[in-house]
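Below: one structure, written as structure tokens.
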Amino acid sequence: MSSIMAFLFQLSVFCSPSPILYSQFSILSLFALTLPGSCVILHLFLSLDVEEDFIMELHEAIKTRKSCRAFKPDPVPRPKIEELLRLTTCAPSAINLQPWEFIVVIGEERERLSRRLMKAYKEKQISCGPGNVKPLPRTVGKRGAKTLVMMNPFFEEMGVTSDRYINEGSCNFYGAPVAILMFLDDSFSKAGLVDHGIALAYLVLAAHGLGLSTCPIGLITAYEDDVKDVLSVPENKHLVVGVALGYPDPNSPINRFKSHRDDLDKFTRWIE
Ligand SMILES: Cc1cc2nc3c(=O)[nH]c(=O)nc-3n(C[C@H](O)[C@H](O)[C@H](O)COP(=O)(O)O)c2cc1C
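Using the working numbering, the first residue of the sequence shown is number 780, and each one after it goes up by one.
Written out as structure tokens, the structure reads:
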């Protein structure tokens, strides 16, 4: 465990823009090596531009991260977004091709993007869904239904319907000040999506470690043409997923919702 911790420190260091902090992290890495069984630290703020010191254990971060569906409008400082993307690109990728292409949309452009998405949603009425190509296995479908049932009391408290809140909210990145869109060049096969999935996982966890909240937004891929048009994205780039990023609104009931997970035996078959 301690060697993992040392590795993570070094990983953070390689992503760090600050040589001054390198020595501090090296010392901490050595310290970590002397602590058998010590907990893994996800991330320490590496940039002098970020406002708080934030240390979060990796396991703690994994367990406590959740999607946020109501954001405060407060802007996220650009150095913090850059730090987040640097951490995201620490993700592994096949042959280290690092096929991710991010478009970060903020300010008035973010508003413009949402206006266009909302218009497209009203015209085409494509809702959030798994995008399956044939009926899902029953057990899997039931998980989605259960999630909605568990969300419903929060929507009732807010006086909104789940359908409207999730679809319109997704088009508006739930009011987040930052929308990060991930694109993949069309020269890649579907295998490139695996790299994007891993990067998305890094992104949401690293954001959590930085005191930010996220919600992956797959719905906008249904409106890919509109997104590409409004952001002048070349035809040969595929929109893989969007991510709403910002600070959570602590007063919104839906942010008290935490999704469930099935037991391990529902996903796992051991062969000995
Ligand atoms: C690829 C992907 C696309 C998603 N798209 C949406 C979306 O369009 N709108 C939304 O509200 N949540 C979206 N989510 C969030 C999921 O609903 C959420 O991750 C899931 O319910 C589990 O909850 P948790 O993230 O809080 O653990 C998406 C998640 C993933 C991984």
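Glycine is no exception: its CB is placed at the ideal position from the N, C-alpha and C atoms.
Predicted model, so just to flag it, every value in this text is computed and none were measured.
With C-beta atoms as the reference, is residue i less than 9 Å away from residue j?
i	j	result
I959	V883	yes
N1034	R848	yes
I945	S906	yes
N863	I999	Per the sequence shown, residue 863 should be read as Leu rather than Asn. Their beta carbons are not under 9 Å apart, which means L863 does not touch I999 by this criterion.
S846	M937	no
P956	I874	no
T940	F934	yes
L866	L963	no
R943	D1041	no
I841	L984	yes
C950	S1038	no
M961	G920	no
M930	F850	no
Restricting to Cα atoms, I'd like to know which of the options is closest to residue i.
i	options	result
S872	P1029, A980, S1038	A980
P852	E936, L982, L1024, N931	L1024
F1046	T918, R889, C994	T918
I996	V928, V1012, A924, F952	F952
K898	D1004, T993, C869	D1004
R890	S966, G948, G920	It should be pointed out that residue 890 corresponds to Glu in this sequence rather than to Arg. The shortest C-alpha separation from E890 is found at G948.
D1028	Y1002, T993, D1044, W1049	T993
D965	W1049, V1012, N931, T926	V1012
L927	L1043, E887, G908, E888	G908
E888	R1048, W1049, D1044, D1008	D1008
G910	A1001, R857, L837	A1001
Y1026	P854, E1051, H838, Q904	P854
T868	P858, H838, I977, E902	I977
A870	K925, H975, P856	H975
Around ligand 1, what residues have a beta-carbon under 6 Å from a heavy atom of it, in chain order? K845, S846, R848, C907, T926, I945, S949, C994, P995, I996, G997, L998, V1020, S1038
Completely contained alpha helix (DSSP H) runs for the stretch 967-1004, where each covers 4 or more residues: 971-988
Any contact between the stretch 868-886 and the stretch 989-999? By contact I mean 3 or more CB pairs, one from each, below 8 Å. no
Does the structure place the stretch 1012-1026 close enough to the stretch 962-980 that three or more beta carbon pairs sit under 8 Å? yes
At 3 residues or longer, what runs of the beta strand (DSSP E) sit wholly inside the stretch 877-957? 880-885
May I have a chain-ordered list of the alpha helix (DSSP H) segments no shorter than 4 residues that lie completely inside the stretch 827-867? 837-843, 857-867
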